[in-house]
Amino acid sequence: NPEYIEKLEVKGLRFSGKSPDGRLMEIAELPVEDHPFFVGVQFHPELQARPLDPHPLFTAFVKASYEAD
Numbered sequence: 001n002p003e004y005i006e007k008l009e010v011k012g013l014r015f016s017g018k019s020p021d022g023r024l025m026e027i028a029e030l031p032v033e034d035h036p037f038f039v040g041v042q043f044h045p046e047l048q049a050r051p052l053d054p055h056p057l058f059t060a061f062v063k064a065s066y067e068a069d
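Position one of the sequence shown corresponds to residue 1 (the working numbering), numbered consecutively onward.
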């Protein structure tokens, strides 16, 4: 809901991916200082992954999990 974008940004949520017209927030994340790995996406990275070629989002998640342990 576009009415909440500014309120969420003030609280620290970053919208790092937007639709071409700028109306839809496609990727949201929290800074690593606030959370070791917090990313939400509208697209389906699992459909772009292959067994020996995972999507970068998955490898970033595994790396963050490993480093947080």
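Note that the Cβ used here is the ideal one computed from N, Cα and C, for glycine as well. Predicted, not measured: the structure shown is a model, and the values here were computed from it.
Report, in whole angstroms, the separation of the C-beta atoms of residue i and residue j, which I expect to be a contact under 8 Å.
{"i": "VAL39", "j": "LEU24", "result": "Going by Cβ atoms, the distance from VAL39 to LEU24 rounds to 16 Å, so no, they are not a contact pair."}
{"i": "ILE27", "j": "VAL41", "result": "5 Å"}
{"i": "PRO45", "j": "HIS55", "result": "4 Å"}
{"i": "PHE61", "j": "PHE37", "result": "6 Å"}
Quick check on the burial criterion: 16 or more other C-beta atoms within 10 angstroms. Buried or exposed for residue i?
{"i": "LEU13", "result": "buried"}
Would you mind reading off the limits of the beta strand (DSSP E) that contains residue i?
{"i": "VAL32", "result": "VAL32 -> no beta strand (DSSP E), and no H or E assigned at all."}
Out of the options, which one is the CA nearest neighbour of residue i?
{"i": "ASP21", "options": "ASP34, ALA49, PRO2 and GLU9", "result": "PRO2"}
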